[in-house]
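The sequence shown begins at 101 in this note's numbering and counts up by one.
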Amino acid sequence: MPKLEKKSLGESLVEQGMLTEAQLGKAQEEGKKTGEPLKKSLIRLGLVAEEDLVNFMSAALNIPSVDLSTYLIKPELLELVPENLARKHHLIPIFKIGQTLTVAMADPSDIRALDEVRLKCRCDVKPAIATEPSIQRAVEQYYGTKGSIDDIVKTIEEKGLPAKEREIAEDLPVVKLVNLLVMQAIRDGASDVHIEPDRDTLRTRTRIDGILHEVPSPPKHLQSAIISRIKILSNLDIAERRIPQDGRFQMKIENREVDIRVSIIPTIYGEKVVLRLLDTANILLRLEDLGLSEELLKEYHKLIHRPYGIILVTGPTGSGKTTTLYASLDRINSEEKNIVTIEDPVEYHMEMIQQMQVNPKIGVTFASGLRSILRQDPDIIMVGEIRDIETAEVAIQAALTGHLVFATLHTNDAPSAVTRLIDMQVEPFLVSSSLAGIVAQRLVRKVCDSCREPCAPPTEVTKEVEMKAPHIYRAKGCKRCLNTGYKGRIAIFELLIPDEEIRNLIVTKASAEKIRKAAQKHGMKGLREDGLRKVAKGMTTVEEVLRVTQEE
101 MPKLEKKSLG ESLVEQGMLT EAQLGKAQEE GKKTGEPLKK SLIRLGLVAE
151 EDLVNFMSAA LNIPSVDLST YLIKPELLEL VPENLARKHH LIPIFKIGQT
201 LTVAMADPSD IRALDEVRLK CRCDVKPAIA TEPSIQRAVE QYYGTKGSID
251 DIVKTIEEKG LPAKEREIAE DLPVVKLVNL LVMQAIRDGA SDVHIEPDRD
301 TLRTRTRIDG ILHEVPSPPK HLQSAIISRI KILSNLDIAE RRIPQDGRFQ
351 MKIENREVDI RVSIIPTIYG EKVVLRLLDT ANILLRLEDL GLSEELLKEY
401 HKLIHRPYGI ILVTGPTGSG KTTTLYASLD RINSEEKNIV TIEDPVEYHM
451 EMIQQMQVNP KIGVTFASGL RSILRQDPDI IMVGEIRDIE TAEVAIQAAL
501 TGHLVFATLH TNDAPSAVTR LIDMQVEPFL VSSSLAGIVA QRLVRKVCDS
551 CREPCAPPTE VTKEVEMKAP HIYRAKGCKR CLNTGYKGRI AIFELLIPDE
601 EIRNLIVTKA SAEKIRKAAQ KHGMKGLRED GLRKVAKGMT TVEEVLRVTQ
651 EE
């Protein structure tokens, strides 16, 4: 490997066969036009992949390359290197040992940058190399949020707020503040943002992978301004503070539209706001990506290709039921089929599928909408949720008259869906005749690949399902997973397809427990068992599966 101290970067790349003379000449010519360094020209023109270039420079300069997603940078290091310096030279401090500070840089040969950091920190500085995008992400994560909120708040306090409430809500710093809160939550992968008033503070929390995390919050005196801004975006009444209000708006984040549902309720310390972030770019539309085992996927695939019957997807709020329904419809969607849905809200727009929005204010409920859909010559119908006997009876009648009906129901497991329908006063023989299958599901957090640690499975767990110790992991925590030990989620399932015995039990109004035992006798695997099998594959942890199935 040639040393860069003796040869230029371009010459070394040509010598190693990573670049031709003609390509080098093209990049140098481009650099003359744009004034950018050779490295940037090579990457922008696509002549050398940035990761390959980083690895090459690491070996040539004898400098370590680092993956910033595995680092958790301490606040005291960020105080040593100011944000303007980090942004100016594309670098970020990663650790300090004694009087030596190590900084990750896009260009570790930049002596001027190293000298500037050394002068500012008054300590020795050693470079490491990382890709420029990873450095930019780290700078935004560690400096961006808090620094930006502090800067905006400082601007507001220096110039003050307008006198009128609507003018306050449209004041540029307030607009920026609300945009920043939403954008940062989306970048962190949050599904919800909670803005919660207390006696003396305003707390902001985001739900990531199903768990709430507190994040840097604006001061209490900006509570009214922030809520007014959200109301204006959602077309709500900014003067009304006594009753709950619901609305929605859209924001364009990184070239994609994010739909944001707004819920506001009055509390003793002011109004509480919850923003539900519906990022359609993150909706899975492949059944294979949901987490179904090979065996369950095969059975479910047969189920959704039936010509008629009702398929129920059950689970608590936030368990991924709608995603499963969308993936199912996407799989069976074709030019030969008329598919119509009624939803609240329509979360994802699908080609060739007619989607209808519930609107109780003008009389469009699930039941009335479903009756209208039946006059549209449908082959397949999706009902967003069965909430009452009227919707349940219309859906079941549709299933009995030659339609394939998908619907969701809020129950803890698959057998309980049967008893829930009967509790709604639906005739048991109608349930027994129409039911094609029931899917129950939960979402479990996936253990972070960057910091997971091997461990032995607990004895009580090995009694439930066979496990091999080398494949069992515990959550540890790192910067990439916000120190939680988990990153992303996957579903666990149980699938009940009624046979003759189960249909007879339904007609006799048997308990959910009796139906469960009959289904297990014929091979149904429970939610916990499916979860523990995913533990054995290294996808999640025992603690996480027990957390979401503790009621079983």
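Backbone N, C-alpha and C fix where the C-beta goes; we use that ideal spot for every residue, glycine too.
Computed from a predicted model, the values in this text were never measured in an experiment.
- Between L191 and I229 a beta carbon distance of about 10 Å is seen, past the 8 Å cut, so the two are scored as non-contacting.
- According to DSSP, P366 shares a beta bridge with E371.
- Between E601 and D630, the gap from beta carbon to beta carbon reaches 8 Å or more.
- Contact between S158 and S550 fails: their C-beta atoms lie close to 19 Å from each other, not under 8 Å.
- Residues K320 of the same chain have their beta carbon placed closer than 6 Å to that of T301, with the five preceding and five following residues left out of the count.
- V531 is not a Cβ neighbour of I538, given a cutoff of 8 Å.
- By the C-beta criterion, the stretch 477-493 is judged not to be in contact with the stretch 579-589, since fewer than 3 inter-stretch pairs fall below 8 Å.
- In the three-state scheme derived from DSSP, where H, G and I count as helix and E and B as strand, D251 is classed as helix.
- Assigned with DSSP and collapsed to three states, L385 falls in coil, not helix or strand.
- Rounded to whole angstroms, I439 and Q454 show a C-alpha spacing of 6 Å.
- An exposed status is given to F529, since fewer than 16 other beta-carbon atoms sit within 10 Å of its beta-carbon.
- A direct Cα-to-Cα measurement between D207 and G289 gives close to 30 Å.
- Rounded to the nearest whole angstrom, the CA to CA distance from E232 to M205 is 8 Å.
- With respect to the C-alpha of N335, the residue from P344, F349, R342, Q323 having the closest C-alpha is F349.
- When only Cα atoms are considered, R542 and A591 end up about 6 Å apart.
- Listed in chain order, the beta strand (DSSP E) runs fully inside the stretch 207-249 are 224-229, counting runs of at least 3 residues.
- Every unbroken stretch of the beta strand (DSSP E) spanning 3 or more residues and falling wholly within the stretch 501-561 is given here in chain order: 504-509, 535-547.
- E258 is classed as exposed because its beta carbon has fewer than 16 other beta carbons within 10 Å across all chains shown.
- The alpha helix (DSSP H) runs lying completely inside the stretch 178-204 and spanning 4 residues or more are 183-189, given in chain order.
- 8 Å or more divides the Cβ of V166 from the Cβ of I211.
- The alpha-carbon of R386 is positioned some 11 Å away from that of I432.
- Taking all protein chains in view, the Cβ of M452 is surrounded by fewer than 16 other Cβ atoms within 10 Å, so the residue is classified as exposed.
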